[in-house]
Amino acid sequence: MCDLRVPEPTVSPGVTEAEVVTMQNLQRKCRSEDRSFLREWASAPLRVAAIAPSSATLARIITADIGPDTGPVIELGPGTGVFTRALLERGVKPENLALIELSTAFARRLEADFPGVAVHNRSAADLKEMDLFGGAPVGAVVSGLGLLAMPDDLVLAILDGVFRHLKPGGAVIQFSYSPRSPVRTGVLDKSGYGVERVGRTYRNLPPAFVYKITQG
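Residue numbers are given in my numbering: position 44 of the sequence shown equals residue 128, and the series is strictly consecutive.
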């Protein structure tokens with residue numbers, strides 16, 4: 085959920101009225117993101133695998149190795165844009181970021197919140213046939229998709245499409261609520277992809293684990 089653990093702001097010594105207004109706006113935006121996420125989850129709980137937006141702590145972990153020198157970045161299942169915002173704060177240029185979001189409601193919100201960022205209201209399984217960044221190789225892929233909730237053939241289609249765009253040695257940075265691999269063993273055996281756990285945080289609802297998926 086939004087990582088904004090502050091009381092209702094009020095004008096006080098050392099806190100100006102302008103700062104109070106800024107904090108109030110941030111709190112309203114945070115609550116709005118939570119409500120949007122819950123509406124989408126209620127309408128499609130299997131598609132929206134999480135029950136709340138990812139925390140800022142998880143966003144920092146999952147984007148830790150990405151920066152302005154990474155080059156083009158694809159984000160799968162950005163939802164309300166928590167990871168998107170972190171990627172931009174890491175120095176990724178808007179024109180070097182492509183968001184793949186199946187939910188039309190989320191996609192419209194992302195377009196409004198992140199001008200200059202390409203938002204594709206499509207399934208991640210379409211990646212194989214999509215032309216992104218003029219064919220330039222992608223430096224990293226960040227994924228918030230619930231791969232464990234998907235059929236094996238769909239997961240394979242997504243990963244095959246991802247690695248069509250990734251540069252050699254590139255990886256999918258994937259989070260999961262499971263302490264075990266976010267990709268089932270059967271998929272790994274068929275594809276030859278490898279999975280390594282690289283981080284975790286308990287400051288998320290539920291606690292989350294971060295993995296790198298690579299091409300063997």
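By construction, the Cβ of each residue, glycine as well, lies at the ideal position given by its N, Cα and C atoms.
Which residues bound the alpha helix (DSSP H) around residue i?
{"i": "K212", "result": "Element bounds for K212: n/a, residue is neither H nor E."}
{"i": "I146", "result": "140-146"}
{"i": "F190", "result": "188-197"}
{"i": "L160", "result": "No alpha helix (DSSP H) holds L160; the beta strand (DSSP E) holding it covers 157-160."}
{"i": "R169", "result": "166-173"}
Less than 8 Å separating the beta-carbons of residue i and residue j?
{"i": "S260", "j": "A292", "result": "yes"}
{"i": "T285", "j": "L142", "result": "yes"}
{"i": "F217", "j": "Q299", "result": "no"}
{"i": "P162", "j": "L194", "result": "yes"}
{"i": "I184", "j": "R206", "result": "yes"}
Under 7 Å from any heavy atom of the ligand NAD, does the C-beta of residue i make it?
{"i": "P263", "result": "Although the ligand NAD was asked about, the structure shown includes no ligands whatsoever."}
Among the residues of its own chain, which have a CB less than 7 Å from the CB of residue i, if the five just before and after it don't count?
{"i": "V282", "result": "V294, Y295, K296"}
{"i": "I146", "result": "F167, V226, I257, F259, V294"}
{"i": "G228", "result": "S138, L160, G161, P162, G163, F167, F259"}
{"i": "G223", "result": "T154, G155, P156, V157, K251, G254"}
{"i": "G175", "result": "G151, P152"}
{"i": "E280", "result": "Y295, K296"}
{"i": "M234", "result": "none"}
Who are the near neighbours of residue i in its chain, counting only those whose CB is closer than 6 Å to its CB and skipping five residues on each side?
{"i": "A220", "result": "P156"}
{"i": "G245", "result": "L211, K212"}
{"i": "D77", "result": "For the chain, the structure presents residues 85 to 300; residue 77 sits outside this window and is missing."}
{"i": "E92", "result": "Here the model assigns E92 a pLDDT of 48, short of 50, so the residue's position is not dependable and the matter cannot be decided."}
{"i": "R287", "result": "S139, T141"}
{"i": "S265", "result": "V279"}
{"i": "A191", "result": "E185, V203, N205"}
Got a sec? Which residues, its chain only, sit under 8 Å from residue i by beta carbon, not counting five neighbours each side?
{"i": "D236", "result": "R268, G270, V271, K274"}
{"i": "L238", "result": "A209"}
{"i": "L302", "result": "Absent from the structure is residue 302, since the part of the chain shown begins at 85 and ends at 300."}
{"i": "R318", "result": "Since the displayed the chain opens at 85 and closes at 300, residue 318 lies outside it and no answer follows."}
{"i": "K177", "result": "P152"}
Between the options, which has its C-alpha nearest residue i's C-alpha?
{"i": "H204", "options": "I158, D149, R144", "result": "I158"}
{"i": "E173", "options": "M214, L289, A148", "result": "A148"}
{"i": "S138", "options": "T164, L160, I184", "result": "T164"}
{"i": "L232", "options": "K251, D215, P263", "result": "P263"}
{"i": "A241", "options": "Y277, I150, R192", "result": "Y277"}
{"i": "E179", "options": "F198, R192, A191", "result": "F198"}
{"i": "V201", "options": "R192, A182, M214", "result": "A182"}
{"i": "H249", "options": "S265, P266, M214", "result": "M214"}
Of all Cβ atoms in chain D, is any one closer than 8 Å to the Cβ of residue i?
{"i": "F167", "result": "The structure shown contains no chain D; it holds only a single protein chain."}
Where does the unbroken beta strand (DSSP E) through residue i begin, and where does it stop?
{"i": "T298", "result": "292-299"}
{"i": "I184", "result": "181-184"}
{"i": "V176", "result": "First-last for V176: undefined, no H or E at that position."}
{"i": "G278", "result": "277-285"}
{"i": "V203", "result": "202-204"}
Alpha helix (DSSP H) runs contained entirely in the segment 206-274, provided each spans 4 or more residues: 236-249
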